[in-house]
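K.L.:
Each residue of the sequence shown is one higher than the one before, counting from 1 in our numbering.
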Amino acid sequence: MDVLKNFKEKAAADLKRIVYAEGYDERIVQAAAQATTEKVAAVTILGKEAEIKATAKETGVDLTGVEIIEPENSAYITEFTDKFYELRKHKGISKADAEKAIKDPLYFGTMMIYTDKADGMVAGAANATGNVLRPAFQIVKTKPGISTVSSAMIMVLKDKSFGQDGIMVFSDCAVNPAPNSEQLAEIAATTADTASTLVNIDPQVAMLSFSTKGSARHDNVDNVVRAVKLAQENNPDLKVDGEMQADAALVAAVAQKKAPGSKVAGQANVLIFPDLQSGNIGYKLVQRLAGAEAVGPILQGLAAPINDLSRGCSVEDVVNLTAITAVQAQNK
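1. Going by the DSSP bridge assignment, what does Q164 pair with across the sheet?
2. Do you know how far the Cα of N223 is from the Cα of E186?
3. What three-state label does DSSP hand K284 in the structure shown?
4. At 3 residues or longer, and completely inside the segment 226-293: list those beta strand (DSSP E) runs for me, N to C.
5. Can the beta-carbon of A35 be found closer than 9 Å to that of V319?
6. Grouping DSSP H, G and I as helix and E and B as strand, with all else coil, what is V175?
7. Compute the Euclidean distance between the alpha carbons of E22 and A292, then round it to the nearest angstrom.
8. Hey, which unbroken runs of the beta strand (DSSP E) at 3 residues or more fall wholly within the segment 61-110?
9. Candidates V122, Y76, N73: which alpha carbon is nearest V29's?
10. With distances taken between CB atoms, is the gap from R217 to S211 smaller than 9 Å?
11. Might you give, ordered along the chain, the residues of its own chain that have their beta carbon closer than 6 Å to the beta carbon of T129, omitting 5 neighbours on each side?
12. Roughly how far, in whole angstroms, is the beta-carbon of K39 from the beta-carbon of A12, given that I think they are within contact range, below 8 Å?
13. In three-state DSSP terms, what is D338?
14. Should E9 be labelled buried (16 or more other beta-carbon atoms within 10 Å of its own) or exposed?
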């Protein structure tokens, strides 16, 4: 399965408007041109128009069809300021504070989504994850019933015997350093939804640990055990099990010995890591040592599609994440 090709084809079938908040970055300008040419999305770039056009000229790209908005000079400033003030006045901000915030492209882009002037946003090429998430939490917030925003990585493996035809989803690999049991349970549910809606996987969720079914005792193990119980109670139709080691989750012969009777062990296609360290290390090991393609990180749990790039991203990475964001907007 060519996952990225499928995303681009789905995105092209129903164009959504995706905002790029970092128009001062030449990769973003180049990606805007490419995404528009490939008909992945209708793109809006935020930034100073003269600088964006100068970058396009220097890099030899054509921005025909790309919308450019200067947040500081936009006709939307008053509307966005008023709406942001209403959202945040309980925190004691003034109208002047609200206007200053809205002139920040990350806040402006998020408010475009909130007011239905855009369908999603891609940022993070030049901003830390926290900067991208802050306006998202303050403006669009999380989905109903969800309190934990997390990330998913779609892993495309060369060995098709793992996952669903070589496709697996890992979480959380980018957001929560030390999730508690309630957060892990939510991450399991939202990642299963990502697997189902974005890559058409029938999710079989393994919640990982260094222990399988009580083989070791530790507070970290107990956290996962409680998370499994909560995930099963809160989502009775979800195929989720644990705690289990990675080999028990992935290899049928090992599963028969370590977790007999489990309906997930040995055939998991969604792996929930117990903390950010293991999740981040795990996906990068699979990417580098097994030659897997790692697609993401994809933010999940927000009420609108806003995704965070790596600051080391390439132009192609931006375009790929744009396609994913557009498909998320379609599903929303």
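Ideal placement from N, C-alpha and C gives every residue a C-beta, glycine not left out. Quantities reported herein were computed from a predicted structural model and do not represent experimental measurements.
P.N.:
Well, looking at it:
1. As a working mapping, residue 164 is identified with position 164 in the sequence shown. Within the DSSP bridge table, the entry for Q164 names I167 as partners.
2. Taking the sequence shown and counting its residues from 1, one reaches residue 186 at position 186. Taking the sequence shown and counting its residues from 1, one reaches residue 223 at position 223. Between E186 and N223, the C-alpha separation is close to 13 Å.
3. The residue given as residue 284 occupies position 284 in the sequence shown. In the three-state scheme derived from DSSP, where H, G and I count as helix and E and B as strand, K284 is classed as helix.
4. For the segment 226-293, the continuous beta strand (DSSP E) assignments of 3+ residues that do not extend past its boundaries occur at 239-244, 270-272, in sequence order.
5. Translated into positions along the sequence shown, residue 35 becomes position 35. Translated into positions along the sequence shown, residue 319 becomes position 319. Contact flag set, yes.
6. As a first step, residue 175 must be located in the sequence shown, where it is residue number 175. Coil at V175, not helix or strand.
7. On the sequence shown, position 22 is the one that residue 22 refers to. On the sequence shown, position 292 is the one that residue 292 refers to. In this model, E22 and A292 are separated by some 29 Å (Cα to Cα).
8. The qualifying runs are 67-69.
9. Taking the first residue of the sequence shown as position 1, residue 29 is located at position 29. For V29, the closest alpha carbon among the candidates V122, Y76, N73 is that of V122.
10. For the purposes of this step, residue 217 is taken as the residue at position 217 of the sequence shown. For the purposes of this step, residue 211 is taken as the residue at position 211 of the sequence shown. Taking 9 Å as the Cβ cut-off, R217 and S211 qualify as a contacting pair.
11. Residue numbering aside, residue 129 sits at position 129 when the sequence shown is read from its first letter. For T129, the CB contacts under 6 Å within the same chain, skipping 5 residues up- and downstream, are D308 in chain order.
12. The residue you call residue 39 lines up with position 39 of the sequence shown. The residue you call residue 12 lines up with position 12 of the sequence shown. Right, the Cβ-Cβ distance comes to about 5 Å (below 8 Å), so this counts as a contact.
13. In the structure as shown, the chain begins at 1 and stops at 332. Residue 338 is therefore absent and cannot be evaluated.
14. Within the sequence shown, the letter at position 9 stands for residue 9. Exposed, by the Cβ-count rule.
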